[in-house]
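Take a look at the structure below.
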Amino acid sequence: MIKSQLIILTSLSVIIMGCSSHQAQQLGFQDSSVNSYARHMSNSQLCATYLGERSTNQTRVSLAAEWQHRKLSHAYCSELENEWYLTKFTKWLMNEKAAKPNNKKRLN
Numbered sequence: 027m028i029k030s031q032l033i034i035l036t037s038l039s040v041i042i043m044g045c046s047s048h049q050a051q052q053l054g055f056q057d058s059s060v061n062s063y064a065r066h067m068s069n070s071q072l073c074a075t076y077l078g079e080r081s082t083n084q085t086r087v088s089l090a091a092e093w094q095h096r097k098l099s100h101a102y103c104s105e106l107e108n109e110w111y112l113t114k115f116t117k118w119l120m121n122e123k124a125a126k127p128n129n130k131k132r133l134n
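Note that the working numbering has the sequence shown beginning at 27, numbered continuously upward.
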């Protein structure tokens with residue numbers, strides 16, 4: 027009995043680790059709202075709420091201000107959203123810092 031439950035739990039964990047944030051959202055795993063201040067949100071939460079994919083109790087102005095402060099872009103959010111959970115977990119294990127968006131303009 028316990029062995030079969032353990033196998034099912036392990037299988038589900040492997041399946042979830044093998045999908046991206048976007049796929050998890052399509053499956054309904056990330057339908058909850060984000061109820062924290064914009065400054066305390068992770069980049070992925072801020073991307074999802076700012077782009078209207080998840081609901082939040084924060085105002086659009088506070089989300090936009092934090093979006094500008096962190097210099098996020100649609101391309102960065104798309105890349106972050108399509109990264110697999112397994113990749114994120116591996117980076118966490120290796121203590122690798124996430125790449126920050128770089129939108130600085132070059133002066134010629």
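No residue lacks a Cβ here, since even glycine has one placed at the ideal position from N, Cα and C.
Buried or exposed (CB count within 10 angstroms, at least 16 for buried), residue i
{"i": "tyrosine 63", "result": "exposed"}
{"i": "glutamate 105", "result": "exposed"}
{"i": "leucine 119", "result": "exposed"}
{"i": "alanine 90", "result": "exposed"}
{"i": "glutamine 84", "result": "buried"}
{"i": "threonine 82", "result": "buried"}
Under 7 Å between C-beta atoms of residue i and residue j
{"i": "arginine 86", "j": "valine 60", "result": "no"}
From the options, residue whose alpha carbon lies closest to that of residue i
{"i": "leucine 24", "options": "Ser58, Gln84, Thr75", "result": "The question about residue 24 has no answer here: the residues shown for the chain are numbered 27 through 134."}
{"i": "asparagine 108", "options": "Gly78, His95, Leu77, Ser70", "result": "Ser70"}
{"i": "cysteine 103", "options": "Ser68, Ile28, Asn121, Ile34", "result": "Ser68"}
Cβ-Cβ separation, residue j to residue i (assumed contact under 8 Å), whole Å
{"i": "cysteine 72", "j": "glutamate 92", "result": "The sequence given here places leucine at residue 72; cysteine does not occur at that position. Sure, about 6 Å apart at Cβ, within 8 Å."}
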